[in-house]
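Numbering (full-length UniProt numbering), first residue to last: 1 to 265. For every residue, glycine included, the Cβ atom is placed at its ideal position computed from N, Cα and C. Note that the structure is predicted; figures quoted are calculated from it, not measured. Take a look at the structure below.
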């Protein structure tokens, strides 16, 4: 490797790469340091792990390995306790695109494919416990305790339906688009759970039409609440995000973690 400041790659990863590799830092995320690696016209991405509330790296690895072969899942070239090596994927970051009807339809197909994957070895998220964990990591402030109570109360309204395999962090920054092909990034929050959480994340970005929502309803219907489920789950997701960011801000202030960009990734 050429002499320069770069990531401290584990030996198992370094052995896969050319000696003259160049490393360039990419925009940081909340749960990973990102590096673009390049040599001899080839490119890779090194995702160096950063601790964060709700992240389980063993679960992430299990899910990523189980989904290898799907066009929307990045190839996992190497996994170590320090991070993962992925191929560089060409495509436009979703925040810089306005998907056309065909691309939107492909994204809904992706969701249905993901939700349909049986992966019983992956535990389902206990959302009440998740909220409690985030609350415990937040500053000791009444607003966070009140928000946590509201989120837990909402969880108790949810039907006892079979959990689906989910991404749990679907936002434009975690999607790449090339033609009609989507690539879904950042699986550290993936687990089995309530598919409405994925659905409302896509809906608040794209503003799904009635027919588009209908494509997802066969999976969503068993998990629907009696009130407007789209509004109910959107409110819940946005509340959970506030709690998560409060927990991360406290960890950063206490020096537990390095400051990150505002977007989870």
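C-alpha distance - residue 163 paired with residue 98, whole-angstrom precision: 31 Å
Roughly how many angstroms separate the alpha carbons of residue 92 and residue 117, rounded to a whole number? 27 Å
Which one of 157, 241 and 183 has the shortest CA to CA distance from residue 131? 241
Taking residue 105 as the reference, which of 195, 214 and 245 has the closest Cα? 214
Report, in whole angstroms, the separation of the C-beta atoms of residue 144 and residue 246, which I expect to be a contact under 8 Å. 6 Å
Specify whether the segment 154–171 and the segment 183–192 touch according to this definition: at least 3 beta carbon pairs, one from each stretch, less than 8 Å apart. yes
Considering only residues of the same chain and omitting the five flanking positions on each side of residue 141, which have a CB-CB separation below 6 Å? none
Taking C-alpha atoms, which residue in 218, 46 and 60 lies nearest to residue 7? 46
From what residue to what residue does the alpha helix (DSSP H) around residue 276 run? Residue 276 cannot be examined here, being either before or after the span of the chain that is shown, 1 to 265.
Please state whether the Cβ-Cβ distance between residue 53 and residue 133 is less than 8 Å. yes
Bridge partner(s) assigned by DSSP for residue 188: Note: residue 188 sits in no beta bridge, so no partner.
Please classify residue 203: is it buried, with 16 or more other beta-carbons within 10 angstroms of its beta-carbon, or exposed? buried
Between which two residues does the alpha helix (DSSP H) carrying residue 42 extend? Premise fails: residue 42 lies in the beta strand (DSSP E), 42–49, not in any alpha helix (DSSP H).
What number of angstroms, rounded off, separates the C-alpha of residue 90 from the C-alpha of residue 42? 12 Å
In its own chain, which residues sit with a C-beta less than 6 Å from the C-beta of residue 154, not counting the 5 before and 5 after it? 236
Is residue 166 helix, strand or coil when you go by DSSP? strand
Pull up the distance between the alpha-carbon of residue 9 and that of residue 171, whole angstroms please. 29 Å
Could you give the DSSP three-state label for residue 108: helix, strand or coil? helix
Is it buried or exposed for residue 183, if we count other Cβ within 10 angstroms and need 16 for buried? buried
Chain-order list of residues whose beta-carbon lies under 6 Å from that of residue 157 (same chain, five-residue window excluded): 225
Residue nearest to residue 222 in terms of C-alpha spacing, selected from 146, 161, 38 and 64: 161
So residue 84 is in the beta strand (DSSP E); what residue range does that whole segment cover? 83–87
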